[in-house]
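Below is one structure; the comments refer to it alone.
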Amino acid sequence: MVCTRKTKTLVSTCVILSGMTNIICLLYVGWVTNYIASVYVRGQEPAPDKKLEEDKGDTLKIIERLDHLENVIKQHIQDNQLLLQAGEMSTQWTYTDQLRSPEAPAKPEEAEAEPFTDSSLFAHWGQELSPEGRRVALKQFQYYGYNAYLSDRLPLDRPLPDLRPSGCRNLSFPDSLPEVSIVFIFVNEALSVLLRSIHSAIERTPPHLLKEIILVDDNSSNEELKEKLTEYVDKVNSQKPGFIKVVRHSKQEGLIRSRVSGWRAATAPVVALFDAHVEFNVGWAEPVLTRIKENRKRIISPSFDNIKYDNFEIEEYPLAAQGFDWELWCRYLNPPKAWWKLENSTAPIRSPALIGCFIVDRQYFQEIGLLDEGMEVYGGENVELGIRVWQCGGSVEVLPCSRIAHIERAHKPYTEDLTAHVRRNALRVAEVWMDEFKSHVYMAWNIPQEDSGIDIGDITARKALRKQLQCKTFRWYLVSVYPEMRMYSDIIAYGVLQNSLKTDLCLDQGPDTENVPIMYICHGMTPQNVYYTSSQQIHVGILSPTVDDDDNRCLVDVNSRPRLIECSYAKAKRMKLHWQFSQSWLICPHCGHSMKTKMPQKWALLIPILNGKKPLIKQTTCPSLPEVVEQDFIPASCSFHIPTVAPGCAPSLDLSFTIGPDEPLRSIPAWHV
1 MVCTRKTKTL
11 VSTCVILSGM
21 TNIICLLYVG
31 WVTNYIASVY
41 VRGQEPAPDK
51 KLEEDKGDTL
61 KIIERLDHLE
71 NVIKQHIQDN
81 QLLLQAGEMS
91 TQWTYTDQLR
101 SPEAPAKPEE
111 AEAEPFTDSS
121 LFAHWGQELS
131 PEGRRVALKQ
141 FQYYGYNAYL
151 SDRLPLDRPL
161 PDLRPSGCRN
171 LSFPDSLPEV
181 SIVFIFVNEA
191 LSVLLRSIHS
201 AIERTPPHLL
211 KEIILVDDNS
221 SNEELKEKLT
231 EYVDKVNSQK
241 PGFIKVVRHS
251 KQEGLIRSRV
261 SGWRAATAPV
271 VALFDAHVEF
281 NVGWAEPVLT
291 RIKENRKRII
301 SPSFDNIKYD
311 NFEIEEYPLA
321 AQGFDWELWC
331 RYLNPPKAWW
341 KLENSTAPIR
351 SPALIGCFIV
361 DRQYFQEIGL
371 LDEGMEVYGG
381 ENVELGIRVW
391 QCGGSVEVLP
401 CSRIAHIERA
411 HKPYTEDLTA
421 HVRRNALRVA
431 EVWMDEFKSH
441 VYMAWNIPQE
451 DSGIDIGDIT
461 ARKALRKQLQ
471 CKTFRWYLVS
481 VYPEMRMYSD
491 IIAYGVLQNS
501 LKTDLCLDQG
511 PDTENVPIMY
521 ICHGMTPQNV
531 YYTSSQQIHV
541 GILSPTVDDD
551 DNRCLVDVNS
561 RPRLIECSYA
571 KAKRMKLHWQ
581 FSQSWLICPH
591 CGHSMKTKMP
601 QKWALLIPIL
611 NGKKPLIKQT
621 TCPSLPEVVE
631 QDFIPASCSF
641 HIPTVAPGCA
651 PSLDLSFTIG
661 PDEPLRSIPA
671 WHV
């Protein structure tokens with residue numbers, strides 16, 4: 001279940017490398033990661049249910065769960081170095097059957113393994129382990145992304161705290177409810193984690209409502225998940241024949257197609273599609289099945305709590321709706337104002353999209369088109385399903401009285417980088433369902449709308465499905481279902497701004513807390529995205545997804561220095577935030593301007609977008625321009641200028657700062673990694 005922006009490309013690149021290059025790569029990942037982590041600051045979580053009355057109506061910020069962005073890369077750096085020290089590092093981990101073996105006594109010479117405690121795995125757990133125990137635990141942590149060593153030592157039927165709102169305990173439900181098939185999808189899951197998921201489903205679902213459990217093995221290589229799992233299934237089925245079914249793929253299909261496989265094997269009227277690292281809480285099923293019985297066109301998500309990846313403690317998450325940003329990464333949202341006005345914490349929460357796990361009427365799921373099997377691995381399919389259901393006559397809800405605890409891994413062992421898959425899947429969604437707003441997805445990913453170079457596969461069948469279902473427009477969806485989403489019809493060009501004097505440097509938003517743009521090594525990630533609007537503003541960094549998020553930050557002149565200020569604030573304070581492109585310069589109309597530089601012979605184009613229409617310019621470079629050697633320096637309040645191109649061409653990607661006649665380039669100011 002992935003619900004936020006990922007930046008794991010650098011790590012996956014390092015995994016491919018070997019030998020001396022590993023050290024260089026780890027250093028590179030380290031300082032780039034520190035920077036990326038610094039520019040994403042988490043919002044504040046809304047108060048828990050007990051503060052519902054005092055907090056309703058406030059502009060609350062649901063934490064955008066970054067899926068442990070900082071931990072992901074730091075963990076790879078720390079743990080790989082630790083394992084290298086211990087002689088345990090290899091290009092691919094092989095499973096060792098030591099999960100339930102007794103811990104070996106510590107030896108005096110093993111004291112040198114103490115640095116293993118530097119791993120984040122041991123920040124809140126495991127200090128009492130012997131060096132050998134820490135080594136085994138760390139190795140399994142690398143393999144699974146969570147503490148399998150601890151999981152193997154926890155009971156399968158461990159109790160969970162009842163985190164439902166208090167009013168849920170007083171609700172009554174119909175006697176006659178539809179049965180449910182629970183589907184678990186897994187690949188190389190720790191056996192104890194999978195068995196605990198199954199056990200909690202059996203123990204906390206009324207027997208007359210749980211028809212069957214279906215296990216979809218997406219071609220795991222772990223031997224444990226073959227012989228030992230088969231033994232467990234046979235034991236259960238000996239008491240209740242056919243209760244657990246196992247579907248095994250001959251090749252890895254990815255989560256999306258695996259969920260469809262599970263649906264095809266299900267026979268109950270309702271199908272619940274879950275990851276195989278969850279634990280069900282008491283009373284989860286009745287609220288879900290009641291809502292689906294009332295209206296079969298509802299797709300339901302439970303409310304999620306977190307199973308901490310290191311110590312397996314249950315962390316209560318606040319109630320939230322589920323949405324997405326313009327890159328189509330899923331995210332948690334503050335419940336809509338209409339829900340707060342009900343003053344009823346047990347009421348269903350209207351949700352624009354789905355996080356991942358969901359429950360659906362089996363027949364309706366087929367009618368609505370299942371999941372898009374043209375997508376790869378996973379990422380984006382949950383957003384696509386939510387959009388499709390709403391536009392085509394259904395609805396999506398999150399139920400506060402149905403709670404599931406889910407492990408949020410420290411890293412994903414089956415793929416280091418989901419970004420490429422999510423980007424491709426997002427473009428499929430954009431092209432089929434988002435009409436003129438598909439431009440927003442291309443802008444957010446900072447790729448051209450035409451000739452993007454990304455093969456999204458055949459979408460003919462998905463477009464035909466939309467036509468067959470007579471679905472509404474995406475504009476209707478934004479207005480009626482997801483009004484919190486910001487629209488960007490005023491952006492006319494976007495890209496990155498590359499320094500024309502030192503082409504490996506780009507304009508970058510810099511540390512989030514300092515509001516000082518910097519020149520930084522070009523990496524093409526979100527902090528270097530630049531958007532130029534029809535109102536002559538320049539936005540730098542991420543496109544703000546919703547009105548509940550911080551506003552976009554505009555490039556502003558403050559006392560002769562470039563700054564990044566929230567656009568709404570800069571506008572209200574009448575700051576200098578308007579920029580005009582001319583033949584050679586980006587001009588601040590209220591400032592003087594000057595430049596001492598050379599103009600390059602070719603200019604890369606930003607992709608022009610105007611009200612969602614096709615680009616006005618199709619060529620990729622502009623004609624050669626005469627070289628400008630020097631202009632007189634005029635002291636003025638604007639000290640940074642961006643060259644542009646000849647008439648008829650879009651603004652260029654080149655940038656130069658000038659501080660004075662003897663300082664043609666302003667480099668990284670007072671910030672180092």
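So the sequence shown is numbered by the UniProt record's numbering: it starts at 1 and just counts up by one.
Beta carbons are placed, not taken as given, at the ideal position from N, Cα and C, and that holds for glycine.
Exercise for review: Compute the distance between the beta-carbons of Leu156 and Arg204, then report whether it is under 7 Å.
Suggested key: no
Review point. Quick one: what does DSSP say Lys235 is sitting in, helix, strand or coil?
Key: helix
Review point. In whole angstroms, what separates the C-alpha of Ile407 from that of Thr473?
Key: 36 Å
**Study point:** Asp557 - DSSP class collapsed to helix/strand/coil
**Key:** strand
Check your understanding: Should Pro302 and Ile404 be called a contact, given that it needs their Cβ atoms to be closer than 7 Å?
Key -> yes
Review point. What is the rounded straight-line gap between the Cα of Met519 and the Cα of Cys506?
Key: 5 Å
Exercise for review: Alpha carbon to alpha carbon, how far is Gly495 from Phe447? Give it in angstroms, no decimals.
Suggested key: The question names Phe, but residue 447 is Ile in the sequence shown. Whole-angstrom Cα-Cα distance: 8 Å.
Exercise for review: For the alpha helix (DSSP H) containing Cys567, list its first residue and its last residue.
Suggested key: 567-572
**Study point:** Touch test, the region 294-311 against the region 142-155, Cβ-Cβ under 8 Å, three pairs minimum
**Key:** yes
**Study point:** Span of the alpha helix (DSSP H), counted from its first residue to its last, around Ser261
**Key:** 255-265
Review point. Under three-state DSSP, which class holds Thr460?
Key: helix
Point to revise | Span separating the alpha-carbon of Val422 from that of Val180 | key: 30 Å
Check your understanding: With burial defined as no fewer than 16 other Cβ atoms inside 10 Å of the residue's Cβ, what is the status of Ala570: buried or exposed?
Key -> buried
Exercise for review: Return the chain-ordered list of same chain residues with a C-beta closer than 7 Å to the C-beta of Val383, the five sequence neighbours on each side being excluded.
Suggested key: Phe324, Leu328, Cys330, Ala353, Val429
Practice item. Please go through the region 152-208 and give each complete alpha helix (DSSP H) segment of 4 or more residues, from N-terminal end onward. Key: 191-203
Exercise for review: Put Met525 into one of helix, strand or coil per three-state DSSP.
Suggested key: coil
Review point. Can you tell me whether Trp390 is buried or exposed, with buried defined as 16 or more other CB within 10 angstroms of its CB?
Key: buried
Check your understanding: Per DSSP, what kind of secondary structure is Asn306 in: helix, strand or coil?
Key -> strand
Review point. Between which two residues does the alpha helix (DSSP H) containing Leu399 stretch?
Key: Unbroken run through Leu399 is the beta strand (DSSP E), 395-407; no alpha helix (DSSP H).
Check your understanding: Relative to the C-alpha of Asp372, which residue among Arg362, Tyr364, Leu385 is closest?
Key -> Leu385
Review point. Pick from Arg298, Met487, Lys226: whose alpha carbon is nearest that of Tyr364?
Key: Arg298
**Study point:** Cα-Cα separation between Gly374 and Val432, rounded to whole angstroms
**Key:** 12 Å
Check your understanding: Where does the unbroken beta strand (DSSP E) through Gln509 begin, and where does it stop?
Key -> Note, Gln509: premise wrong, no beta strand (DSSP E); not H, not E.
Exercise for review: Can you tell me which of the three DSSP states Ile492 falls into?
Suggested key: strand
Check your understanding: Between the region 185-195 and the region 259-276, do at least 3 Cβ pairs fall closer than 8 Å?
Key -> yes
Practice item. Starting from the C-beta of Leu160, find all residues in its chain whose C-beta is less than 7 Å away, skip the five residues before and the five after it, and write them out in chain order. Key: Glu279, Asn281, Ile314, Ala405
Review point. Of the choices Leu177, Ala137, Ser200, whose alpha-carbon is the least far from that of Lys293?
Key: Leu177
Point to revise | CA nearest to the CA of Phe141, picked from Lys235, Val396, Ala190 | key: Ala190
Check your understanding: Does DSSP classify Thr533 as helix, strand or coil?
Key -> strand
Check your understanding: Per DSSP, what kind of secondary structure is Pro562 in: helix, strand or coil?
Key -> strand
Exercise for review: Please work out which residues of its chain come closer than 6 Å, Cβ to Cβ, to Leu342, disregarding the five sequence neighbours upstream and downstream, and give them in chain order.
Suggested key: none
**Study point:** Cross-strand partners of Ser439 (DSSP beta bridge)
**Key:** DSSP lists no partner for Ser439.
Review point. Cα-Cα, which of Ser568, Asp455, Trp579 is closest to Ser535?
Key: Trp579
Check your understanding: Which two residues bound the contiguous alpha helix (DSSP H) that contains residue 674?
Key -> This structure gives no information on residue 674, because the portion of the chain shown stretches from 1 to 673.
**Study point:** Beta-ladder partner(s) of Leu333, from DSSP
**Key:** Ala321
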